[in-house]
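Chains as they are written, first to last, in this note's numbering: chain A, 12 to 542; chain B, 12 to 372; chain C, -3 to 364.
Cβ coordinates follow ideal geometry from the N, Cα and C atoms, glycine included.
Owing to the predicted nature of the structure, the values given are computational and were not obtained by experimental measurement.
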Amino acid sequence: MKILRRWVGNKLSKERWEDKFHDADNKVTLPLSKDLEENIKNLELLFKDCGDFVSRKFPVGIHKEVNMYVAYIDLMIDRRIIEESLLEQLMLQVRGVPPHMDKIRSSIYDFIRDGGIATADIKEVDTLDEAALAILSGDTIIFIDGYAKVIVVATKGWPNRGIQEPDSEVVVRGPKEGFSEALRMNTVLIRRRIRDTKLKVKQLQIGTRSRTDVALMYIEDIVRKDILEDLGKRLTDFKIDGILDSGQLEQLIEDDWRSPFPQIQATQRPDKAASAILEGRIAIIVDNTPFVLLVPTTLNNFFQSSEDYYQRWSIMSFTRMIRYMAAFFAAGVPGLYLALTDYHPSMIPTQLTMAIAASREQVPFPSVVEVVLMELAFELLREAGTRLPGPIGSTIGIVGGLIIGQAAVEAKIVSPIVVIVVAVTAISSFAIPDNALTVGFRLVKYLIIGLSSIFGLYGFLLGVLIVLIHLVSLKSFNMPYMSPFVASGINDYEDLKDSVFRLPVFMMNKRPIFSRADKRVRLRTNKKKNE
Amino acid sequence: MSIDRRAFVLGLGIDKFIFDEAKDDPSLNNDKTKYRVAFSFPNIAKFSGEQGLSDEPKFVMISSGPTFSNTYKGLGGRLNKSPYFGHIKSIIFGKELLKDKVLFKEVLDTLQRNSDFSRSIPIVAIDGLATEAIQIIPEGNPLVSIYINQLFESNKNETMRFQEKDLGELLQNFQEDKMAMIPKLSIGEKDIKIAGAAIIKDYELKGWLDEQQTRGALWLRKKNQRLEISVPYEDFHVAYHVSNAKSEMKFMNKDNELSCHITIQAEGNLDEFILDRNILNVEEIKKVEEAIEKSIKEEVENSLKTLQEKYQADVVGIGKELERQKPKEWEKVKDHWEEVFETLPISIDVQINIRRIGQSK
Amino acid sequence: MFSKNDKVSVRQVEILLILDLFSVSTLSFPRMAAEIANQDAWIAVIGATLLAFIYGYTITSIVKRFPEDTFVEFSSKVLSKSVGIFLSLLFSIKLSITMAMELRIFGELVKQVLLPRTPIEIIMASMLLTCAYLVRKGYECNARLGEILVFIIFIPLIVILLFVLPDTDFSNLKPIFTTPFPRLLKGSYFLSFIYTPIELILLVGPLVNDLKKARRVSFIAITFTGIINVILTIITVSVLGPVGTKQQIWPVMTLMQIIEIPGAFVERQDALMMIFWILIVFSFISTLMYFISFILTRILKAEEHKFLVLPLVPIIYLISLIPDNIVEAFNWIEFLRKYIRILFLLPIPLLLLIVAKIRKLGESIEEK
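Written out as structure tokens, the structure is:
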């Protein structure tokens, strides 16, 4: 983490951004002046070689005394607002104002600002930097001759994907909305679900060139202040050119960059984000990406899917247990297979041992090579399947998996039991709800394979222990990663109710440890359950 | 080691080496060669239903040497894979081996010390050569050792015809009492049978019990026998199947003479009666019960008599029970328990209950 | 609460203690109990547990007087500084030898049951390195791992033990109470060494959040372990018989072989038992390693313990290679058991307690 930050900081040293017009933080240093012509000149200097920069200068007032200048970026704005609410007002209405010119002249700025523009969202700024930023964000700026202030009118209207079903976190029962790339749309989706005045949206900008808007959403009286402060510090602890996706942000603020396991969760579902906020976590929404970060995160969070809470507890507890088993299988099955067959065949029932021995007799490679080969082949298949468009992708799955696998067995390159082992591992890794965690197990699997092939069952256990030690020492924003399973006495074992199994809703009446200690009760039922 | 580099030994037949002029190499005729051991390996491809390189269901290798370990390590020059004992299904001891005290103790020590041998391996003894027995191909399952293992299974679950013994129990018997009973294996051309038992006292084979006599010992087990018994009743025979039985021993000391009283209680089903007779009345049932009781009592008394008089071997645990119940008495007699056992008056009392009589009257 | 990796909650100490108490001799103590008391072995175990309560009481009394200090500091305060340092060094040497011998025996067992062809040096070295990895991360990580391991170890163990019940023959426990009483007493005394890890409480003072509950926690740990030990002894003797129990080096392992789990696909459960044994030994060795480096850190008054861990690894490794075979290793442990182990359990804490009371050192409940 620290190395990454230092690297980022060193590379992007002051000299690169500084030039005549910009300072060390890539902010514009040119001043605003009262003279319209100078402002226009400066602005057009900044936007030199920008073909999409549109500007218009026009006079207002009955005798066309005052000059105004309007500028925006083509297609980032909603043209209707500009034409109807802005230009029409300025050009036509203001012109028609009866001449009390002195009064108007002395404060035409105030006049226009207060009455001339028929939109609700108007700001005034007094640096050229903010003006430029506003243009680049899709607003329209108005220069008025004689005033060193700029009016910024909100006219954002760029093309957008809109709200669609999220493709990666699919549920059978539950809302089907997903975040989109526009920050404001995403905050709205969460706002709709939490109509609490204590829900705060703290905005900042990250990236000196990208100036990406980032919003932190949390509920003020539930969230832990120390985590919030820590997050604030981490977000300002580095300087980077630009971030394009929340993933980059995640890697810059996470606790341990060396670990294969993710310490921050990303989601595309607004209901999941809202649920996390209600638990006391903080949602980080990054403009231009539908993936919202949730902080802090424990291992258990990756095994929870939103559907768990909408369906009934018995089936969902069962599913949870299967997921945990799947995680274990995804990392451990190939290693266990190697350990048992190569070192302790007495532990496998005789029939199976004979079958394995018979099928291995004609295979040329040692077991380890077989297993690793098949695993890598599977990774290839998986990668290929992701890149290919729709129908071809699924065909490859069937072709690759079934036919090539079958053919490999018949050609005696691998034995059929290894195919089963690898298939079970792969399917298990798909059963984990959050894809990011799967990667961790996929990587760890090779460590365990390595140790099992050298030390048998002992090596398998050592591998598992090493992974456990690592997991146990991980922290996500100072919250232990293995949280519900360790130190759960802190919250009266409340967190355990939602881990390997999911207890009925009426039993989970306290918030998990993410929230402030004194604000934990979230559910009170009136009726007694025995009646 | 890769799994296909292991040769899985499924069955073991251990004999004392006896030089056979016709078949053996003259170099083996010396004092050093003590053991002749047969190792039975399955044809693993055939075992798992595939087409393998050979058609035989198994192959047997016989090796001779001064110690048991030497015999299997000596397979090194003949066997293309490395022998592995983790999946042994049963072990057969030959008669001559059992008669030789020293050799038998050596073998037992190896089996105990080497952790590859599981303590739950079934053990049988044969009145003949174990190495011959291993080579038989019974029709039910081509590997004798698996067949024996399966016989043990069905003995436990279906009808008991012999007293099972596995390696762990055998070792325990020897440690505690210095004597044991090993089920007897008999072989035919294409089939094998386990019935009766070998009596081993002080690590030496003393004799054999036939099937009837072993039954008596079976009755004296503590619990859970499932025995079938055919009893003469009037002019026909009745078949009775015990589903549950238990026995209790009590010791009395009258006028400084120790005696033992055994109560056997059993309940079970009436499997066979005779057509045209009605069993559905209480007196009839009582009469049948009495007949069965008498028959069982005779069997047990016979077995005990053989054990006491012919062998002086307390393989049924009477001494152990005495130790538990009356430790002071045991202290007095434990050093010459054999003689005491020989003349111990044992009285038997049998109580039978017929619980189920089937579908018809 | 979550910020540093060094303070643990009382519950975690409880769990760690239970884990540690288990490891030392679980596999073999039924044999020792049977050697002393035959079928009354379980009575000797109960006696040992009662003795352990006494040890626990003494030790927690002295620890409670000096909440922020470890044995190193308060022994220096109560007796003189040089005596304190000498005792602490003795303590660390004793722990090192124990650790080395445990490691050696563990290595022998693994080699025999699981990996006959692997050199024992590599087996031991790999275990040491994994422990070092954990220890460097701090005591709280040790505690967290302990919480997870406790479930992984105990639940399957208890389930498997349930399957042994059909083979038990409780009449093997008869005749009861025939062993002469003095022998039982002596046996209890000898057996109480299985509770030696309690002495580690002498060191945990500054690591624990709430020291007042320490006494209760140590009692719970002793009781829990005691109950399991007694049950284990009873089961072992009833299945194997007193003679059989005496004969096996590791009777619990033998027990595992006898168990038949219906329907389970694993045939040789003793290898399965090794899994538990490996996890238990791992936890024990890493705890000892932590405490040894902890003592040394306190003696040298250093800030961090991490840098001391790595040099420990080769030292322990070399010590564990000294015995020629497992018999010698057992001899070393016997020696330690007879003469030195008891020291830190009773005499020294008692001495410290009395002197502290006389000199009115440390906090006591009456003063508050």
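Chain-ordered chain B contacts of residue i [CB-CB under 9 Å]
i                      : result
residue 329 of chain C : Residues of chain B passing the Cβ test: none, with the nearest at roughly 22 Å.
residue 236 of chain C : 179 and 183
Neighbour list for residue i in chain B, Cβ cutoff strictly below 7 Å
i                      : result
residue 378 of chain A : 13
Cut-off 8 Å between Cβ atoms - residues of its own chain near residue i, not counting five sequence neighbours on either side
i                      : result
residue 444 of chain A : 180, 313, 314, 315, 316 and 334
residue 383 of chain A : 457 and 460
residue 422 of chain A : none
residue 220 of chain C : 14
residue 362 of chain C : Residue placement at residue 362 of chain C cannot be trusted, given a pLDDT of 44 that sits under 50; the coordinates are not used to answer.
residue 256 of chain A : 297, 299, 300 and 302
residue 192 of chain A : 171, 172, 298, 299, 300 and 301
Opposing strand residues paired with residue i [DSSP bridges]
i                      : result
residue 277 of chain C : According to DSSP, which records beta bridges pairwise, residue 277 of chain C is partnered with nothing at all.
residue 26 of chain B  : B/47
residue 213 of chain A : A/227
residue 252 of chain B : B/239 and B/280
residue 67 of chain A  : A/81
residue 71 of chain B  : B/51
residue 277 of chain A : A/304
residue 76 of chain B  : B/46
residue 151 of chain A : A/164
residue 33 of chain A  : A/39
residue 264 of chain B : B/269
Own chain residues within Cβ distance below 6 Å of residue i, not counting five before or after
i                      : result
residue 389 of chain A : 433 and 437
residue 36 of chain C  : 175
residue 363 of chain B : 277, 300, 303 and 304
residue 345 of chain C : 54, 55 and 58
Spatial neighbours of residue i in its chain, beta-carbon cut-off 7 Å, leaving aside the 5 residues before and after
i                      : result
residue 541 of chain A : Since pLDDT at residue 541 of chain A reaches only 48, below the 50 mark, its modelled position is unreliable, and the value read off the structure follows with that caveat. Cβ within range, chain order: n/a, list empty.
residue 34 of chain C  : 175 and 238
residue 349 of chain B : 323
residue 9 of chain A   : This structure cannot speak to residue 9 of chain A, because chain A is shown only from 12 to 542.
Proximal chain B residues relative to residue i, where beta-carbon distance stays under 8 Å
i                      : result
residue 254 of chain C : 130, 131 and 179
residue 239 of chain C : 183, 186 and 187
residue 385 of chain A : Result: empty, since nearest Cβ-Cβ is about 16 Å, beyond 8 Å.
residue 368 of chain A : 14, 15, 17, 19 and 55
Amino acids of chain C, ordered along the chain, whose beta-carbon sits closer than 7 Å to that of residue i
i                      : result
residue 126 of chain B : 108 and 109
residue 484 of chain A : 133 and 137
residue 497 of chain A : 140, 143 and 144
residue 133 of chain A : Chain C residues near residue 133 of chain A: none, gap ~46 Å exceeds 7 Å.
residue 476 of chain A : 126 and 278
Proximal residues of chain A, C-beta to C-beta of residue i below 9 Å
i                      : result
residue 119 of chain C : 466 and 469
Checklist entry - Is the number of C-beta pairs between the stretch 132 to 144 of chain C and the stretch 341 to 351 of chain C that are closer than 8 Å three or more? => result no
Checklist entry - Any contact of the stretch 46 to 54 of chain C with the stretch 211 to 218 of chain C, i.e. 3+ C-beta pairs under 8 Å? => result yes
Checklist entry - What residue ranges within the stretch 36 to 113 of chain C form continuous alpha helix (DSSP H) runs of no fewer than 4 residues, ordered along the chain? => result 37 to 61, 67 to 74 and 77 to 109
Next on the checklist: For the stretch 178 to 193 of chain B against the stretch 71 to 88 of chain B, do three or more pairs of beta-carbon atoms, one drawn from each stretch, fall closer than 8 Å, so that the two count as touching?
Outcome noted: no
Item to check | Contact the stretch 312 to 331 of chain C vs the stretch 77 to 85 of chain C: 3+ CB pairs below 8 Å | outcome: no
Checklist entry - How do the stretch 279 to 295 of chain B and the stretch 309 to 329 of chain B stand: do at least 3 beta-carbon pairs fall below 8 Å, yes or no? => result no
Item to check | Whole alpha helix (DSSP H) elements within the stretch 218 to 262 of chain C, 4-residue minimum | outcome: 247 to 254
Checklist entry - Does the pairing of the stretch 273 to 285 of chain C with the stretch 118 to 128 of chain C give three or more beta-carbon distances under 8 Å? => result yes
Checklist entry - Can you list, in chain order, the stretches of the beta strand (DSSP E) that have 3 or more residues and sit fully within the stretch 128 to 164 of chain B? => result 134 to 137
Next on the checklist: Across the stretch 513 to 523 of chain A and the stretch 339 to 357 of chain A, are there enough close Cβ pairs to call them in contact, namely three or more that are closer than 8 Å?
Outcome noted: no
Next on the checklist: Quick check on the DSSP output: what are the complete beta strand (DSSP E) runs of length 3 or more inside the stretch 303 to 329 of chain B, in order along the chain?
Outcome noted: none
Next on the checklist: Closer than 8 Å is the cut-off here; do at least three beta carbon pairs connect the stretch 217 to 228 of chain B with the stretch 319 to 333 of chain B?
Outcome noted: yes
Item to check | Sufficient close CB pairs (3 or more, under 8 Å) joining the stretch 20 to 27 of chain B to the stretch 45 to 53 of chain B | outcome: yes
Checklist entry - If we count Cβ pairs, one from each stretch, closer than 8 Å, do we get three or more for the stretch 96 to 111 of chain B versus the stretch 62 to 76 of chain B? => result no
Next on the checklist: Is it the case that the stretch 349 to 359 of chain A contacts the stretch 398 to 406 of chain A, given that we only count it when at least three CB pairs across the two stretches are under 8 Å?
Outcome noted: no
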